[in-house]
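**Student:**
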Amino acid sequence: MNHAGNFDALLAPYPKQPQPDSGFVPTIKNIKEFDLKTHRFDFPDGELNAQGKFDKNGLFVQDTTSDIAFDKVLRSVKTITYKGIKCPSLAIYNNAPTAPERFRTYSLLDNANKKIAEECTKRWYKYYRVELQRYKKECTGCLVKEIRHSHHQIFLCNPKETELAIRTFLKRSDRKINYG
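First residue of the sequence shown: 6, per this note's numbering; consecutive thereafter.
1. Going by the DSSP bridge assignment, what does glutamine 67 pair with across the sheet?
2. Are three or more beta carbon pairs between the region 83–100 and the region 143–151 nearer than 8 Å?
3. Hey, could you find the ends of the alpha helix (DSSP H) tyrosine 130 is sitting in?
4. Name the DSSP bridge partner or partners of threonine 32?
5. Based on the DSSP secondary-structure assignment, which residues constitute the bridge partners of valine 149?
6. Going by alpha carbons, who is nearest to asparagine 54 out of Phe39, Arg45 and Ile33?
7. For proline 25 versus phenylalanine 65, is the C-beta distance shorter than 7 Å?
8. Measure the alpha-carbon distance for glutamine 56 versus glutamine 67 and round it to whole angstroms.
9. Pick from Thr173, Thr84 and Glu123: whose alpha carbon is nearest that of phenylalanine 108?
10. With a cut-off of 8 Å on the beta carbons, I'd call histidine 156 and phenylalanine 75 a contact; round off their distance for me.
11. Count the other CB atoms, across all protein chains shown, that sit within 10 Å of the CB of isoleucine 85; report buried if there are 16 or more and exposed otherwise.
12. Taking proline 105 as part of the alpha helix (DSSP H), name the residues at either end of that continuous run.
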C-alpha cells in the first residue's frame with residue numbers, strides 16, 4: 006500500500022518561515038545564530054555542513070538538497086507492517102499536537118501563516134496518532150517514548166530525554182530476541 010494519497014494533505018501548505026533581513030551574511034556562525042533565535046535550537050556545524058555548500062571564505066553557496074526532495078521522499082514511502090518485527094523495538098516520537106509545538110517559529114509568524122500552521126498541525130497530528138497506534142498495535146513488545154515540546158531533530162534537541170529512553174529500553178528485562 007502506498008502512502009502517497011495519505012500524504013497529499015500533509016505536504017502543503019506549510020507556513021512561510023521567517024527569513025533573515027536583507028543584510029544577512031550567510032556564514033555558519035550567522036545561520037546558527039538565526040536558527041537559534043527563530044527555532045530555539047542550536048544546529049550542529051556538521052548538520053549545517055551536510056545541508057549546504059560553503060565557499061572557502063565560509064559563505065553559504067547553495068543547498069545540497071533539492072527543494073522538492075521532501076515531497077519526493079514522502080510520496081515514495083510505502084506503508085510497512087510492524088507485525089513481522091521479531092526483536093525488541095523502540096520508537097521515539099515528537100508529540101506536537103499544537104501549532105506552537107510543531108512550529109518553533111510560530112510566535113514569529115504573521116496571522117495568515119499562523120492559521121496555515123494550525124491547519125497543517127491538525128492534519129499532521131491526525132496522521133501521527135493513527136500511525137502511532139498502528140505501531141503500538143502491530144509491534145509486539147515495542148516501547149514508545151513520546152516527547153512533548155520537541156522538534157523534528159528530536160535526538161539533537163532533547164538529548165537527555167532520548168538518552169534516558171534508550172537506556173530504559175536497553176535495560177528492559179523482557180528484551181528477548183526471537184529469531185523465528
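No residue lacks a Cβ here, since even glycine has one placed at the ideal position from N, Cα and C.
**Tutor:** Based on what the coordinates show:
1. Lys58
2. yes
3. 116–143
4. Answer is Leu64.
5. According to DSSP, valine 149 bridges with Ala96.
6. Ile33
7. no
8. 9 Å
9. Glu123
10. Contact flag wrong, Cβ pair sits at about 16 Å.
11. Counting other Cβ atoms within 10 Å of its Cβ, isoleucine 85 stays below 16 and is therefore classed as exposed.
12. 104–107
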